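One structure is given below, encoded as structure tokens.
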Amino acid sequence: MHRRIMAPGALAAASLMLAIPASAASHSPGAPGIGDPYYPAYGNGGYDVSHYDLRLKYQPATDELEGTATLLAKTTQDLSRFNLDFLLDVSEVRINGAKASFATSGEHELEITPKKPLAKDTPLTVVVRYRGVPSTKEAYGFNAWLRTPDGGVAAGEPEGAWWWFPSNDHPSDKATYDVSVQVPDGTQFVSNGTLQSTSSRAGWTRYSWRSNKPQATYLATFAAGKFDVTTGTSESGIPVINAYSKDLGDVAGAARASIERSGEITDWLSEYFGPYPYSTVGGYVPNTTTGYALETQTRPYYSPSNFANGSNTSVVVHELAHQWWGDLVSVKGWKDIWINEGFARYAQWLWSEHEGEGTAQEIADYVYASRAADDAFWKVRPGDPGPENQFHIAVYDRGALALQALRNEIGDDAFFTILKGWPAKYAYGNASVGDFVRYAEGVSGKPLAGLFDTWLFQASKPGAPAARSASIAKSAEVPVQPKSWKKIAATNEVHGH
Ligand SMILES: [Zn+2]
């Protein structure tokens, strides 16, 4: 692997190593990955970040981004050096005020070597000065930065952060954020949480956003462009901030007719999942050409194409359901993606029922009956789909089908107690599929390992006896397609590069 030394300090650090006392011999480099088998190089070992302060300047005309990231962290082992994940060009790194040397390695690693080794449990203030053109940077041959006619957007899963801030890029290290970005007057900047302030000077306007609850790196979002911003308050009192690119053309009406219902839908979801966990909600639609939407915390990202055929509240339900399923309670590892997608899809089924367009049971029956046993759909195991199938339709539809099987097995009372209790139990933290199985067994008082094995972990279609016993597709006939099916299917491309 090619390793490019960027600072002469690295040599000095190497000779310094010879001078450190024997007691520091246990100091070792932090791992270049946090230990996720799906993505071995994602995240890093040896420290934990609690806060990101990003103070940046962005020029839409050239896509140039520059500024300073200040990370508050704590070491979790004796460290001789540690990594951040990042692609832009770094000019200086300081640790607790002192200049550190740095180098790049791998696809997206920034290796930082402090002047002196760091003991376990040392509080760190890491300052990284950088600049670059995100649209020119690739890792693994791809670029997730979204360039628009009037700006740039970062909203990608699992990869999104590398193009705009240095981070420990894995959902298991969540942190709070202050994101303050200067853009030319007339351009807006939108991010997560609450807009704390705006100020203008010498042709530039600074927008300062705060996301004050723990947030995974892929859920941090950057959106610079010319937006119409709407504000309001949901019936239950949640402040709503939405933003729409001024050049959405024919989809502008359908996008607004969907996303302006974010407050209503958030209130409706909170009846199932418990109180909304953040200070604001909303959504934004820049003029991108992607096909997906993403549950960026408090402020989901939507593509114009989500509304190409008219309004679609189902996609809004999906992304807002993620605020509990994925954002409030995040995956421990990427293999746990069912905790996000199975439940966000099931919320769409509940919305269909609410709208009188087919019950969750009818949609589950339709999924089961309309997919033949030899359909590759059943080869995907939603409980551990593999990185290549992380966002396969089976994680969504088979994943939600598993929830209907669970509901039928344990009854509505226990099922809806679980939907409300889980987000509270693991609030602002992380959990795994295994944690969910144990939690569901605890609430229902029933052994459920067999049921979850059948519906989440077998690489085959559950047979007729299993379906009968879970009250799925009890009739021999293939049910009629539920009215909501096409609207829900239109959200199937919600993730992807
Ligand atoms: Zn989703």
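Here the sequence shown stands for residues -24 to -1, 1 to 473, numbered as in mature numbering (1 follows the signal peptide of the UniProt record, and there is no 0). All residues carry an ideal CB built from backbone N, CA and C; glycine is no exception. Computed from a predicted model, the values in this text were never measured in an experiment.
Take aspartate 54, set aside five residues on each side of it, and the residues of its chain with a beta-carbon closer than 6 Å to its own are Ser2, His3, Ala95 and Lys96, in chain order. With respect to the C-alpha of asparagine 59, the residue from Leu41, Ala403 and Val25 having the closest C-alpha is Val25. Each residue's CA atom was taken as its position, placing arginine 105 and glycine 11 some 27 Å apart. Taking the C-beta atoms as reference points, glycine 201 is found no nearer than 7 Å to aspartate 145.
Glutamine 53 carries a coil assignment under DSSP once its states are collapsed to helix, strand and coil. Annotated three-state conformation of glutamate 68 is strand, per DSSP. Here proline 399 is not near valine 292, since their CB atoms are 7 Å or more apart.
Residue burial is scored here from C-beta neighbours: proline 251 has fewer than 16 other C-beta atoms within 10 angstroms and is therefore classed as exposed. For glutamate 333, the CB stays at least 6 Å from every heavy atom of ligand 1.
Nearest to glutamate 211 by C-alpha distance, out of Val66, Val257 and Phe433, is Val257. Secondary structure at arginine 177: strand, using DSSP grouped into helix, strand and coil. The DSSP-derived three-state label of glutamine 457 is coil. Selection Gln273, Ala352, Ser290 and Pro358 evaluated against glutamine 191 yields Gln273 as nearest (Cα-Cα). Judged by the Cβ position, alanine 320 qualifies as a neighbour of ligand 1 at the 6 Å threshold, a heavy atom of the ligand being closer than this. Beta-bridge partners of lysine 33 (DSSP): Glu42 and Gln158.
Ranked by how close their Cα comes to the Cα of glutamine 35, the residues Arg70, Val129 and Ala45 have Val129 in first place. Annotation for glutamate 135 indicates a beta carbon at 6 Å or more from all heavy atoms of ligand 1.
Distance from the CA of arginine 444 to the CA of lysine 450, rounded to the nearest whole angstrom, comes to 6 Å. Per DSSP, the unbroken alpha helix (DSSP H) holding leucine 245 starts and ends at 238 to 249. The beta carbon of tryptophan 121 is closer than 7 Å to those of Pro110, Ser111, Gly128, Ala130 and Trp139 in its chain, skipping five residues each way along the sequence.
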